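K.L.:
Could you have a look at this structure, given as structure tokens, before my questions?
Numbering (this note's numbering), first residue to last: 91 to 252.
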């Protein structure tokens, strides 16, 4: 689905929550959206790796990395795996790496920054719990929409106005 977040905000002003403008769009898709699943992890992308290997079914993985700028929670290999498995995108409250390759991947990716060092995998983290950053709480099963204008969240699925 192609959409523009300002148009969604205008059409559904009572239904959207606006994420603070902290993120940069790094992925091959300029806009992406879908049902939310969440991962909460700190400098350990074990759950990200595990879940990009599962069918995404057009969903968006919202990753709360605690805003850490010390290591990347997503790189080109995991991004490619996510695209192959049907994920619409990932929103990462943290860093990514391999941005030139990710830009050429059919996947939406928004993150705080880039850094060349990978995370440590120790199998830690939480899946599908509410996570909060950017002034918004993301609940599994809600919907998120992201483009170059920003990121919005809604408890109901939104469609582009005619």
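Glycine included, every Cβ here is placed at the ideal spot set by N, Cα and C.
If you're wondering where the values come from, they're calculated on a predicted model, not measured in any experiment.
(1) Going residue by residue through the stretch 131-195, where are the continuous beta strand (DSSP E) segments of at least 3 residues, counting only ones entirely within it?
(2) Determine the burial state of residue 213: buried for a count of at least 16 other Cβ atoms within 10 Å of its Cβ, exposed for fewer.
(3) Relative to the C-alpha of residue 117, which candidate in 145, 160 and 191 has its C-alpha closest?
(4) Using three-state DSSP, classify residue 204 as helix, strand or coil.
(5) Which residues does DSSP pair with residue 217 in a beta bridge?
(6) What is the DSSP secondary structure of residue 101, counted as helix, strand or coil?
(7) Based on DSSP bridge pairs, tell me the residues matched to residue 115.
(8) What is the DSSP secondary structure of residue 95, reduced to helix, strand or coil?
(9) Quick one: is residue 238 buried, meaning 16 or more other Cβ sit within 10 Å of its Cβ, or exposed?
(10) Let me know the secondary structure DSSP gives residue 231 once reduced to three states.
(11) Given residue 146, which residues of its chain have a CB within under 6 Å of its CB, disregarding the five upstream and five downstream residues?
(12) Measuring CB atoms only, is the stretch 122-140 touching the stretch 150-169, in the sense that at least three cross pairs come out at less than 8 Å?
(13) Can you tell me where the beta strand (DSSP E) holding residue 240 begins and where it ends?
(14) Measuring CB to CB, does residue 204 end up less than 8 Å from residue 186?
(15) Starting from residue 106, follow the beta strand (DSSP E) in both directions and report where the run begins and ends.
(16) Which word fits residue 259, buried or exposed, when buried means at least 16 other C-beta atoms lie within 10 angstroms of its C-beta?
(17) Return the chain-ordered list of same chain residues with a C-beta closer than 7 Å to the C-beta of residue 232, the five sequence neighbours on each side being excluded.
P.N.:
A quick look at the data gives this:
(1) 150-154 and 179-186
(2) Translated into the one-based positions of the chain shown, residue 213 becomes position 123. Exposed, by the Cβ-count rule.
(3) For the purposes of this step, residue 117 is taken as the residue at position 27 of the chain shown. Ranking 145, 160 and 191 by Cα distance to residue 117 puts 191 first.
(4) Within the chain shown, numbered from 1, the residue matching residue 204 stands at position 114. In the three-state reduction of the DSSP assignment, residue 204 falls in the strand class.
(5) Locating residue 217 in the chain shown gives position 127, counting from the first residue. DSSP output for residue 217 lists 129 as bridge partner(s).
(6) Translated into the one-based positions of the chain shown, residue 101 becomes position 11. Correct three-state label for residue 101: helix.
(7) Within the chain shown, residue 115 is the residue found at index 25, counting from 1. Partner(s): 200.
(8) Taking the first residue of the chain shown as 1, we reach residue 95 at position 5. Three-state result, residue 95: helix.
(9) Your numbering for residue 238 matches position 148 in the chain shown. Residue 238 comes out exposed.
(10) Residue 231 sits at position 141 when you count from the first residue of the chain shown. Three-state result, residue 231: coil.
(11) Looking up residue 146 in the chain shown gives position 56. The residues are 175, 176 and 177.
(12) yes
(13) Position 150 of the chain shown holds residue 240. Unbroken beta strand (DSSP E) run through residue 240: 240-244.
(14) Along the chain shown, one-based indexing puts residue 204 at 114. Along the chain shown, one-based indexing puts residue 186 at 96. Yes, the Cβ-Cβ distance between residue 204 and residue 186 is below 8 Å.
(15) Stepping through the chain shown from its first residue, residue 106 is reached at position 16. Membership of residue 106 in the beta strand (DSSP E) is indicated by the continuous run 106-108.
(16) Nothing about residue 259 can be read from this structure; the chain reaches only from 91 to 252.
(17) In the chain shown, residue 232 corresponds to position 142, counting from 1. Once the five neighbours on either side are set aside, the close Cβ partners of residue 232 are 126, 243, 244 and 245.
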